[in-house]
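Enquirer: In terms of my numbering, the sequence shown is residues 2 to 231. Built from N, CA and C at the ideal position, the CB exists for glycine as well. Before we start, here is the structure in question, set down as C-alpha cells.
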Amino acid sequence: MAARPATPATHPTPDALQAFGQGQLDGAADAVAKHLDSCAACCREVAAMSGDSFVDRLRAAHSDSSTPAPAQAPTGVSRGPGPATPDAPLDLPPELRNHPQYEVVRELGRGGMGVVYLATNKLMQRAEVLKVMNKALLDQSGASDRFLREIRAAAKLNHPNIATGYAALQEGELLVFAMEHVEGQDLAKVVKARKRLPVMHACHYARQVALGLQHAYENGTVHRDIKPQN
C-alpha cells in the first residue's frame, strides 16, 4: 500500500509561542504545550525567545523519568562540592564521634523524628546523609517502630527524584539511616534568594516533585511533610 503524505501540522504563531515561554498565555496554553511535546522546531523557537534551552530539556524529559536541571543554576544554588565545615557538631551522639565507617562533617537539619548530618563514608570516599533518631524519643512507645517503618518504606523507592537509601545502622540504642547526599540548596532557600522564580523554572521544580511523589505512591508510601525545605 502506498503511504499517504503527512498532513502539515498547524504551528502556533510566534506571538503565541513568546507568550507561552513567558508564562503569559492563558486559554491556549494547554494546546501549545501539547504541540511542543511533538514539535522540535517550535521548542527551539520558544527556547530562543526565552534565552534558555529549558523547553528543549523539558520536551526530552517526557521520555525520561528524570528531569534535568536548568543549564544555569539559580543564584545561590551550589552545583559542585563546596568546602566542608571542619568541626563536627558539639552535641554529636558518642556512637558517631569515632565511627569506623563515617566521619560526620556538619549538621544539616532537625525534625520531629531526629537529626540529619552530612558525613563522609570513609570506605567509599563519598558524601552521605545520616538521619539519626532523636534519643529523646527512645522512651516513647512506638517511636523506634515508626522510624524503622520510615527506613523500610524508603528502601523500596528507587527514583531519580528521590534521595536513595543506602543502609540502616544499629549503633547501640542509636538507629541511623544512611542516604544519598544531593549537592545544592533546598528549594526554600532558592526561592528566598531569587524571590519570584521564572514560570518555566517553577514548573521544572514542581514536575520533579510530582514525579517523585507519584513513584512513592505507586510503592505504597505517602510523604506527610511536603514543603520546599524538603
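Assign alanine 227 to buried or exposed, taking buried as 16 or more other Cβ atoms, counted over all protein chains shown, within 10 Å of its Cβ.
Expert: For clarity, residue 227 is isoleucine in the given sequence; the question names alanine instead. With fewer than 16 Cβ atoms within 10 Å of its Cβ, isoleucine 227 is classed as exposed.
Enquirer: Can the beta-carbon of leucine 214 be found closer than 8 Å to that of histidine 224?
Expert: Cβ atoms of leucine 214 and histidine 224: closer than 8 Å.
Enquirer: With respect to the beta strand (DSSP E) encompassing glycine 115, which residues constitute its N-terminal and C-terminal limits?
Expert: Glycine 115 -> beta strand (DSSP E) spans 115 to 122.
Enquirer: On the three-pair Cβ rule with 8 Å, is the segment 94 to 108 touching the segment 151 to 164?
Expert: They do not touch, by the three-pair rule.
Enquirer: Compute the Euclidean distance between the alpha carbons of valine 192 and proline 199, then round it to the nearest angstrom.
Expert: Taking the straight line from one Cα to the other gives about 10 Å.
Enquirer: I'd like to know whether the C-beta atoms of leucine 93 and leucine 109 end up nearer to each other than 8 Å.
Expert: No, the pair does not count as a contact, with Cβ atoms beyond the cut-off.
Enquirer: Return the CA-CA distance between arginine 127 and alanine 164, expressed in angstroms with no decimal places.
Expert: Cα to Cα, the separation comes out at about 15 Å.
Enquirer: Where alanine 155 and alanine 169 are concerned, what is the direct C-alpha to C-alpha distance, given to the nearest angstrom?
Expert: Approximately 11 Å, taken between the alpha carbons.
Enquirer: What residues in its chain sit with their C-beta under 7 Å from that of alanine 183, if we drop five residues either side in the sequence?
Expert: The sequence as given places valine at residue 183; alanine does not occur at that position. Correct list, in chain order: Ala164.
Enquirer: Runs of 3 residues minimum, wholly inside the segment 127 to 188: which ones carry the beta strand (DSSP E) assignment?
Expert: As far as the segment 127 to 188 is concerned, its whole beta strand (DSSP E) runs of at least 3 residues are 127 to 134, 166 to 172, 175 to 181.
Enquirer: If you reduce the DSSP assignment to three classes, tell me which class glycine 213 lands in.
Expert: Correct three-state label for glycine 213: helix.
Enquirer: Under the DSSP definition of a beta bridge, which residues are partnered with glutamate 108?
Expert: Tyr118.
Enquirer: List the residues that DSSP assigns as beta-bridge partners of tyrosine 103.
Expert: Tyrosine 103 pairs with Asn122.
Enquirer: How should glutamine 209 be labelled, buried or exposed, when 16 other C-beta atoms within 10 angstroms of its C-beta is the threshold for buried?
Expert: Buried, by the Cβ-count rule.
Enquirer: Using C-beta distances below 7 Å, list every residue in its chain close to leucine 124, excluding the 5 sequence neighbours before and after it, in chain order.
Expert: The residues are Gln102.
Enquirer: Valine 177: which of Pro229, Ala217, Gly166 sits nearest, CA to CA?
Expert: When only C-alpha atoms are compared, the closest one is Gly166.
Enquirer: Distance check for glutamate 151 and histidine 216, CA to CA, integer angstroms please.
Expert: Rounded to the nearest angstrom, the two C-alpha atoms are 16 Å apart.
Enquirer: Who are the near neighbours of methionine 180 in its chain, counting only those whose CB is closer than 7 Å to its CB and skipping five residues on each side?
Expert: Hits under 7 Å: Glu129, Val130, Lys132, Ala164, Thr165, Gly166, Tyr167.
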